[in-house]
Amino acid sequence: MREKNWFLQQGIPEPNLAHLLDYVALGTVADVVVLDQLNRALVHQGLLRIRSGRSGPGLRELIQISGRSMATLSAGDLGFSLGPRLNAAGRMDDMSLGIQCLLTDDAAVAKKIALELDALNKDRRDVEGQMKNEAMSLLKEMKAFDDAHLPAGVCLFDKEWHQGVIGILASRIKDRLHRPVIAFAPAGKDEIKGSARSIPGVHIRDVLSDLAAAHPKILSKFGGHAMAAGLSLKMHDYPAFALAFDAMICERLKQVDLEQKVYSDGELDEQHVCIEFAEQLANAGTWGQAFPEPIFSGEFDVVQARVLGGQHLKLVLRKQGSDLLIDAIAFYIEQAEQWLGIRKLNAAYKLDINEFRGQRNVQLIVQYLEKVL
90 MREKNWFLQQ
100 GIPEPNLAHL
110 LDYVALGTVA
120 DVVVLDQLNR
130 ALVHQGLLRI
140 RSGRSGPGLR
150 ELIQISGRSM
160 ATLSAGDLGF
170 SLGPRLNAAG
180 RMDDMSLGIQ
190 CLLTDDAAVA
200 KKIALELDAL
210 NKDRRDVEGQ
220 MKNEAMSLLK
230 EMKAFDDAHL
240 PAGVCLFDKE
250 WHQGVIGILA
260 SRIKDRLHRP
270 VIAFAPAGKD
280 EIKGSARSIP
290 GVHIRDVLSD
300 LAAAHPKILS
310 KFGGHAMAAG
320 LSLKMHDYPA
330 FALAFDAMIC
340 ERLKQVDLEQ
350 KVYSDGELDE
360 QHVCIEFAEQ
370 LANAGTWGQA
380 FPEPIFSGEF
390 DVVQARVLGG
400 QHLKLVLRKQ
410 GSDLLIDAIA
420 FYIEQAEQWL
430 GIRKLNAAYK
440 LDINEFRGQR
450 NVQLIVQYLE
460 KVL
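Converting from the sequence shown to my numbering requires adding 89 to each position, the first position being numbered 1.
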C-alpha cells in the first residue's frame, strides 16, 4: 500500500520546488555532475525556466554580462560562461560574492555583483595565462616535451602561483601532456597546496592514498575523487613527493594507453552542415558529463586562418570536394601561429550556431586539429 505523503501526514502543504530548478541546472552542470536520465531532465527543465525569463535577477545579470542569449541558453553556457564567473569569486577573492549574486532579489544589486564577478573572472584569466606560460617554461627545463624525458606523473610548483588558479592550471597542462598533473602554490609558512587532475584509467585519489600509506611522513592531508584531488605538503618534502608521485603513476600506466584518443561520430555530409541540423542536435540534449555532444570529423581545405587574442584560431574551411565555405574556431590553441599558412587539415568538431549582431550562422567548434601533409 502506498505510504502517505510526509507533508500531508504533518498537515503541511507540500512545497513546490520548481522555482529552484534554474539553480539545480546551474549547479549540476557547473559541478560536472553526470547527466544520467534524471539529471538531464532536471537540467532541461531548469534551462526552460531560465529561457522563459523566470530565473532570479542574479542569473539574468550573469547571462547578460557574459554575452549569452537568455532565450537560447544551453547547458554549455552554464558550464563555460556562468560557472567560471561564479567560481572566480572563490578563486580570487571571497566565494560569498557569488552566493550573494544568486540569492539577491534586487536587480540593481545583482547587476553590481555580476560586474564584480566578471572583473574577477578577467583577473583570473590573466593570472591563469601568466601561470601557464611559467608552467610551460618549467616543463621545457624538465625536457618534458621530449618523450624520453616525459614524467609519467607531473608535479609543478612556483612560489608566486595563486592558490585559487592551480586547479585550472593543472587541468590545462594535463590536457596538453595527457598525463596526471599536480600544480602547487604556497599556502603559508613552509607549506604548499596542490591541485591534481588525472586522465581516464588513473584514479588520482587512490594514487594519493597509496602514496600516503607508503610515505606517511611526506603526505598526510589529501582528498578528492577519480579525476581531481587536493593535497597539502611541507615545502621541503616537495622534491621527494614529486619522485614518489611519478613512480606511483608509472606503476599504473603500464596498463593505460597514454596516446590521447579523439572519438568521432564520423564525417558529416554537406547537407547537414546547416543551422537546421545544428538546432536539432542542440534540442536532442541536454549534453554534458557522461552524455557528450556528438563530435564529427573530416578533411578540409583552409581558405583563411587568423589568430584571435593570441590563443584562439579563427578559420574559414572548405569541405573536400565541395564549394561550401564554413566558419570554424578552435579555442586555446598552443602556438596558434603555427597553423597560419596550412593548406589542408583534419578536424574533429562540434556543430554550433554563432549569433552575432542579429545574424545566425553555422560554425564548427574545433576540438582537435591535425595537419595534412
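For every residue, glycine included, the Cβ atom is placed at its ideal position computed from N, Cα and C. All values derive from a computational prediction rather than experimental measurement.
{"query": "Where Val-461 sits in the DSSP three-state scheme", "result": "coil"}
{"query": "Thr-193 versus Leu-148, Lys-229 and Ala-379, residue with shortest Cα-Cα distance", "result": "Leu-148"}
{"query": "Cβ-Cβ distance between Ser-321 and Ser-353 below 8 Å", "result": "no"}
{"query": "Same chain, Cβ closer than 6 Å to Ala-315, neighbours up to 5 away in sequence not counted", "result": "His-292"}
{"query": "Supposed contact pair Leu-297 and Ala-333 - C-beta distance, whole angstroms, cut 8 Å", "result": "Not a contact, Cβ separation roughly 10 Å."}
{"query": "Validate contact between the stretch 110 to 121 and the stretch 356 to 370 using beta carbons, cut 8 Å, 3 pairs", "result": "no"}
{"query": "Inter-residue CB distance, Leu-191 and Glu-205 (contact presumed, cutoff 8 Å)", "result": "About 13 Å separates the two Cβ atoms, so there is no contact after all."}
{"query": "Secondary structure of Gly-339, DSSP reduced to three states", "result": "A small correction: the amino acid at residue 339 is Cys; Gly does not occupy that position in the sequence shown. Reduced to three states, the DSSP call for Cys-339 is helix."}
{"query": "Asp-264 - DSSP class collapsed to helix/strand/coil", "result": "helix"}
{"query": "Closer than 7 Å: Asp-390 CB and nearest the ligand GDP heavy atom", "result": "With respect to the ligand GDP, the structure shown offers nothing to examine, as it has no ligands at all."}
{"query": "Sequence-distant residues of the same chain with beta carbon closer than 6 Å to Asp-335, five excluded per side", "result": "Pro-240, Ala-241 and Gly-242"}
{"query": "N-terminal and C-terminal residue of the alpha helix (DSSP H) that Glu-368 is part of", "result": "364 to 372"}
{"query": "Cβ distance (whole Å) where Lys-263 is taken to contact Gly-319 below 8 Å", "result": "About 15 Å; that fails the 8 Å criterion."}
{"query": "Pick from Lys-460, Ala-285 and Glu-444 that is closest to Arg-432, judged by C-alpha positions", "result": "Lys-460"}
{"query": "Continuous alpha helix (DSSP H) stretch holding Glu-205: start and end", "result": "196 to 230"}
{"query": "Segment contact, 8 Å Cβ cut-off, at least three pairs: the stretch 373 to 381 with the stretch 162 to 169", "result": "yes"}
{"query": "Contact set for Val-351: own chain, Cβ-Cβ below 6 Å, skip 5 residues either direction", "result": "Ala-437 and Tyr-457"}
{"query": "Paired residues, beta bridge with Glu-249 - DSSP", "result": "Note: Glu-249 sits in no beta bridge, so no partner."}
{"query": "Host alpha helix (DSSP H) of Ala-315 (start-end)", "result": "Segment: none, Ala-315 is in no alpha helix (DSSP H) and carries neither H nor E."}
{"query": "Buried or exposed (CB count within 10 angstroms, at least 16 for buried), Cys-339", "result": "exposed"}
{"query": "Residue from Gln-452, Arg-286, Val-254 and Asp-441 with nearest C-alpha to Leu-162", "result": "Asp-441"}
{"query": "Own chain, CB closer than 7 Å to Met-90, minus 5 neighbours either side, in chain order", "result": "Confidence is the limiting factor: at Met-90 the pLDDT is only 44, short of 50, which leaves the residue's position unreliable and the question unanswerable from this model."}
{"query": "Proximity below 8 Å, CB of Ala-164 to CB of Val-132", "result": "yes"}
{"query": "Alpha-carbon to alpha-carbon, Leu-151 and Asn-222", "result": "29 Å"}
{"query": "Arg-180 beta carbon less than 8 Å from that of Val-254", "result": "yes"}
{"query": "Helix, strand or coil at Pro-275 according to DSSP, with G and I counted as helix", "result": "strand"}
{"query": "With 16 other Cβ atoms within 10 Å as the buried cut-off, status of Ser-309", "result": "exposed"}
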